[in-house]
């Protein structure tokens, strides 16, 4: 089962460039220990301005092994010392999620919608994801994850990918506002509540 690690970096005023540089270095360290990692910046909606380091591992075992190796990596230790001496951001995580539908896409732009879903309704909510998939363009990447190690465990995160902000806007106009997709959204409200949304761009 593929898992996703998520580090949330909240830059301090005047320190965004330094926080981004350190985030990219952290992603490189993760890649060196077996992750597929990317750095994103949230540009719209909830969390706008934040940086996120997202990594993927093939399963929990590989993720745990990598996390242990990263802790012992001199580059990671040096990075931690730099952060302690000259903080540039508040860092949260890593949080861990498991993929429950779709695949992460190499596309550059991601719109993420976060739902609060009671565990008793989770299966029904997941069963609706193929309907959502069928209501959007075939070239639009789609991924759904649920938390395994995170502050809020009653959530379902669904991401839709695009090649650019312009394409994302076109997808929203053509598919997101369509009768077919809105019918899925309305039906999904039986099982959970949409609590936030944001747009991220790979940097």
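Residue numbers (the working numbering): 49 to 251. We put the CB at the ideal spot given by N, CA and C, even for glycine. Note that this is a predicted model, so its numbers are computed, not measured.
Item	Value
Excluding the 5 residues flanking residue 196 on each side, which residues of the same chain have their C-beta closer than 8 Å to its C-beta?	51, 108, 144, 145 and 146
Can we say the segment 115 to 132 touches the segment 187 to 201, given the rule of at least three CB pairs closer than 8 Å?	no
In the structure shown, what three-state DSSP assignment does residue 71 receive?	helix
Starting from the N-terminal side, write out each stretch of the alpha helix (DSSP H) that is 4 residues or longer and does not extend beyond the segment 76 to 156.	108 to 120 and 122 to 133
Go ahead and label residue 243 buried or exposed: buried means 16 or more other beta carbons lie within 10 angstroms of its beta carbon, across all protein chains shown.	exposed
Please report the Cβ distance between residue 150 and residue 210, rounded to the nearest whole angstrom; I am assuming they are in contact, meaning their Cβ atoms lie under 8 Å.	About 14 Å; that fails the 8 Å criterion.
According to DSSP, simplified to helix, strand and coil, what is residue 65?	helix
If we count the other Cβ atoms within 10 Å of its Cβ and call it buried at 16 or more, is residue 96 buried or exposed?	exposed
Going by C-alpha to C-alpha distance, which of 54, 91 and 55 sits closest to residue 156?	91
Could you work out which residue in 135, 54, 78 and 115 is closest to residue 64 when comparing CA atoms only?	135
Rounding to the nearest angstrom, what Cα-Cα distance links residue 172 and residue 148 in this structure?	13 Å
Whole angstroms is fine: what's the gap from residue 239's alpha carbon to residue 142's?	28 Å
In this structure, how does DSSP classify residue 238 when only helix, strand and coil are distinguished?	coil
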